[in-house]
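Its first residue numbered 1293, the sequence shown is counted upward by one per residue in this note's numbering.
The structure under discussion appears below in the form of structure tokens.
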Amino acid sequence: MATIPSVDIRTWRTDGSPAVVDRALRTAGFLLVTGHGIAPDLRAAVRAQARLFFRLPEEAKRPYSVEVGGRGWLAPGAEANAYAEGTETPPDLKESLSFAAEGPGRDPRVGAEWFAPNTWPAEVPSLRPPVTSYLARMRALSEGILELLGVALGEDEDFFTRHTTHPTWGFNINRYPGTETVGSPRPGQFRIGPHTDFGTVTVLDRQPGRGGLQVFTDDDGWQDAPYDGDALTVNIGDLMALWTGGRWCSGRHRVLPPPVDEPAEELMSLVYFYECNPGTDVRGVDSHRYLREKLDAIRVG
């Protein structure tokens, strides 16, 4: 998609990228980011260790089961992202391992909700080191992306990062199995249904596939998102769109179901949601009250 450019995070201050980013976020709400310094070996290690967990029998995973927004295993059938658009669809065809910001929060009530301890499966002790390393790099990268976005908006570099001194974040390792696991998709069923993300900025490491990511624009409708193995895919969410007064649009997207001609295709995505400090006023909206309402909206049952 020509509306999704590639930007080098190392050189944006001198290469004119802010203008390119501004144009892209007015249309698709997506970017590809290179120069991020996240080693392929680290991304592969996170996937390899998560795969060990996902391949455990259900009875071993069940003690870690949580609802949407929790820290642990999000079982198949737990969420339907299209609900956030008011569309009734079957549940999304995925399972996830979810992690989030840890405490302490500055306010005990906020800390209990947004900075609780993460859950690390005892059956896969080798998962924690690569995930911890990956999360540290994601935090630093997300700060750099927000600095770029501040300038692209015509503001100072710290326009957004002054509100990320003690931010929340979420991290989902999403497994998208083939039909031998999930069965044939029902009408209107996707690996992830059509939606926009809810928060500030999302940084995605994904694998190419026939049943992969699609992005919607008014001009082109649904199109396969461009893929570059050296790049990370970045999109903005509803809060960022609101923060810009509607100048930028949150990126509407979906993940296709397992393809008919490759029913055994299995993909795994690493999805990092970077937010702002709890209680940040975004044009009259309490950021984290809004996020909680959105998370609750996509819960099945």
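Note that beta-carbon positions come from the ideal geometry of N, C-alpha and C, so glycine has one too.
Original post:
GLN1506 lies in the alpha helix (DSSP H); which residues open and close that run?
Top reply: Run containing GLN1506: none in the alpha helix (DSSP H); it sits in the beta strand (DSSP E), 1505–1509.
Subject >> Chain-order list of residues whose beta-carbon lies under 6 Å from that of PRO1332 (same chain, five-residue window excluded) >> reply: Here the set comprises nothing.
Subject >> Buried/exposed call for ASP1516, threshold 16 Cβ in 10 Å >> reply: exposed
Original post:
Where are the alpha helix (DSSP H) runs, 4 residues long or more, that stay fully inside the segment 1390–1478, in chain order?
Top reply: Secondary structure remark: continuous alpha helix (DSSP H) runs of at least 4 residues inside the segment 1390–1478, in chain order: 1400–1406, 1420–1444, 1450–1453 and 1471–1474.
Original post:
Around the C-beta of LEU1583, are 16 or more other C-beta atoms found within 10 angstroms, so that it is buried, or is it exposed?
Top reply: buried
Subject >> Cβ-Cβ distance between GLY1529 and PHE1482 below 7 Å >> reply: Going by C-beta atoms, GLY1529 is not nearer than 7 Å to PHE1482.
Original post:
Is there contact between the segment 1320–1329 and the segment 1448–1460, where contact requires at least three CB pairs shorter than 8 Å?
Top reply: no
Original post:
Considering only C-alpha positions, which residue in the set THR1381, PRO1368 and THR1509 is nearest to ALA1316?
Top reply: Closest option to ALA1316, judged by alpha-carbon separation, among THR1381, PRO1368 and THR1509: THR1509.
**OP:** Drop a sphere of 10 angstroms on the beta-carbon of ASP1497, count the other beta-carbons inside from all chains shown, and report buried for 16 or more, exposed for fewer.
**Re:** Under this definition ASP1497 is a buried residue.
**OP:** Please report the Cβ distance between TYR1564 and VAL1495, rounded to the nearest whole angstrom; I am assuming they are in contact, meaning their Cβ atoms lie under 8 Å.
**Re:** 5 Å
**OP:** With a 10 Å radius around its C-beta and 16 neighbouring C-beta atoms as the bar for buried, classify THR1379 as buried or exposed.
**Re:** Under the 10 Å beta carbon count, THR1379 is surrounded by fewer than 16 other beta carbons and is classified as exposed.
**OP:** Determine the DSSP secondary structure at THR1494, reduced to helix, strand or coil.
**Re:** THR1494 sits in a strand when the DSSP states are folded into three classes.
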